[in-house]
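Student: Note that numbering that gives the first Met the number 0 gives residue 235 to position 236 of the sequence shown, counting from 1, and the numbers run on in steps of one.
Note that the Cβ used here is the ideal one computed from N, Cα and C, for glycine as well.
On a predicted model such as this, the values are computed, not experimentally measured, just so you know.
The structure follows.
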Amino acid sequence: MTRKSFICGNWKMNATHLDAIQMVQKLSYRLETADYERVDVVVAPPFTSLRSVQTVIEADHLAIELAAQNVHWEQSGAYTGEVSPPMLAKLGVGYVIVGHSERRQMFGETDETVNKKVKAVLAADMVPIMALGETLEEREEGVTEQRVGSQLVNGLAGLTPDQAVGVIIAYEPIWAIGTGRTAEPDDAASVIGFLRRTFGDTFGGELAEHVRIIYGGSMNPGNVAALMAKKDIDGGLVGGASLDPDQFASVVRYWV
Ligand code: 13P
Numbered sequence: 000m001t002r003k004s005f006i007c008g009n010w011k012m013n014a015t016h017l018d019a020i021q022m023v024q025k026l027s028y029r030l031e032t033a034d035y036e037r038v039d040v041v042v043a044p045p046f047t048s049l050r051s052v053q054t055v056i057e058a059d060h061l062a063i064e065l066a067a068q069n070v071h072w073e074q075s076g077a078y079t080g081e082v083s084p085p086m087l088a089k090l091g092v093g094y095v096i097v098g099h100s101e102r103r104q105m106f107g108e109t110d111e112t113v114n115k116k117v118k119a120v121l122a123a124d125m126v127p128i129m130a131l132g133e134t135l136e137e138r139e140e141g142v143t144e145q146r147v148g149s150q151l152v153n154g155l156a157g158l159t160p161d162q163a164v165g166v167i168i169a170y171e172p173i174w175a176i177g178t179g180r181t182a183e184p185d186d187a188a189s190v191i192g193f194l195r196r197t198f199g200d201t202f203g204g205e206l207a208e209h210v211r212i213i214y215g216g217s218m219n220p221g222n223v224a225a226l227m228a229k230k231d232i233d234g235g236l237v238g239g240a241s242l243d244p245d246q247f248a249s250v251v252r253y254w255v
């Protein structure tokens with residue numbers, strides 16, 4: 000089974016819309032048609048930059064795709080400060096990150112709200128990038144599989160197999176995020192293999208071979224090749240290294 004590689008730059012709370020325009024233009028200069036054939040190349044700027052980046056993508060006919068970093072599950076209404084799935088879809092957003100550990104830890108996101116967001120994103124014909132991962136404490140206690148397994152199952156609860164296989168799962172061990180401490184490729188592959196088997200237990204072994212599961216946590220040009228060499232790792236969710244178009248392009252072109 001060949002799964003197309005998927006690499007998404009999560010810019011987090013960085014870059015004004017003016018910075019964002021430059022970043023996506025610079026990235027596009029560094030990538031060639033063949034790169035997009037091999038990898039789905041996605042950037043996730045802050046909400047304030049989505050429209051600007053979308054305009055550049057459209058005007059220059061770029062194959063770079065757009066993701067949002069968060070979403071609310073309701074369609075519209077009295078939810079001050081929130082952004083709904085139809086608003087994002089209308090902007091040409093194709094993917095939405097849900098359940099990032101920073102949102103779980105700092106903004107009260109739970110498996111239950113993640114699940115509502117996953118469903119709402121699918122209903123708006125976008126693709127959820129559902130993030131999950133264990134803390135350092137959980138890893139040291141030996142409960143990593145228990146933790147990520149329940150995040151996976153709860154996050155995908157109530158989905159049909161056809162819906163579930165369209166979700167991109169992002170395994171991001173919290174201790175590896177923004178720390179420069181990447182998971183060893185063997186360790187990352189082992190957890191991702193476990194997630195694939197767990198997915199298969201619920202949705203069937205055949206679909207488990209199709210679902211894309213990516214890694215995030217200090218991924219950079221120096222470690223991406225070793226991670227991507229693992230057959231179960233289908234791509235990356237890249238934070239810090241995605242803010243520099245040169246570095247991000249090198250991550251995208253991981254085989255070069
Ligand atoms: P870093 O690449 O900066 O560790 O961030 C990873 C991440 O959280 C991507 O969503």
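Hey, could you find the ends of the alpha helix (DSSP H) S100 is sitting in?
Tutor: Here the alpha helix (DSSP H) through S100 covers S100 to M105.
Student: Enumerate in chain order the residues of its own chain whose CB-to-CB distance from N9 is below 7 Å, with the five nearest sequence positions on each side excluded.
Tutor: Counting only Cβ-Cβ distances below 7 Å, and skipping sequence neighbours, we find A43, Q68, I96, L236, V237, G238 and S241.
Student: On a CA-only basis, which of R146, P127 and I128 is nearest E136? Give me that one, please.
Tutor: E136 has its Cα closest to that of R146, out of R146, P127 and I128.
Student: Once DSSP output is grouped into helix, strand and coil, what is the label at G154?
Tutor: In this structure, G154 counts as helix in the three-state DSSP scheme.
Student: So is the beta-carbon of S249 under 7 Å away from any non-hydrogen atom of the ligand 13P?
Tutor: Answer for S249: no, Cβ out of range of the ligand 13P.
Student: Would you report the Cα separation of Q53 and L90, rounded to the nearest angstrom?
Tutor: Taking the straight line from one Cα to the other gives about 7 Å.
Student: Nearest-angstrom Cα distance between I20 and V251?
Tutor: For I20 and V251, the distance between alpha carbons rounds to 19 Å.
Student: Is there at least one non-hydrogen atom of the ligand 13P closer than 7 Å to the beta-carbon of V95?
Tutor: Flag unset: Cβ of V95 not near the ligand 13P.
Student: Could you round the C-beta distance between G216 and I191 to whole angstroms and report it? I think they count as a contact, below 8 Å.
Tutor: Not confirmed; about 12 Å, so no contact.
Student: Identify which residue in E140, P244, Y94 and Q150 has its Cα closest to the Cα of M132.
Tutor: Residue identity check: residue 132 is Gly in the sequence provided, not Met. Of the listed residues, the one whose Cα sits closest to G132 is Q150.
Student: Exposed or buried, K3, counting other C-beta atoms within 10 Å across all chains shown (16 or more means buried)?
Tutor: Burial call: exposed.
Student: How is the beta strand (DSSP E) around I167 delimited, first residue to last?
Tutor: From DSSP, the beta strand (DSSP E) with I167 extends over I167 to Y170.
Student: Under 8 Å between the Cβ atoms of V40 and L49?
Tutor: No, the Cβ-Cβ distance between V40 and L49 is not below 8 Å.
Student: Quick one: complete alpha helix (DSSP H) runs, 4+ long, within the region 168–251?
Tutor: Listed in chain order, the complete alpha helix (DSSP H) runs (minimum 4 residues) inside the region 168–251 are 184–202, 204–207, 223–227 and 244–251.
Student: Give the straight-line distance between the Cα atoms of E64 and Q74, rounded to the nearest whole angstrom.
Tutor: Near 23 Å, if we compare the C-alpha coordinates of Q74 and E64.
Student: Cβ of M12 versus every heavy atom of the ligand 13P: is any distance shorter than 7 Å?
Tutor: Checking every heavy atom of the ligand 13P against the Cβ of M12, none is found closer than 7 Å.
Student: Beta strand (DSSP E) containing P45: first to last residue?
Tutor: Here P45 belongs to no beta strand (DSSP E), and DSSP marks it neither H nor E.
Student: Just to confirm before moving on: does the CB-CB distance between V92 and A66 stay below 8 Å?
Tutor: Contact: yes.
Student: How many Å lie between V120 and V113 at the Cα?
Tutor: About 10 Å.
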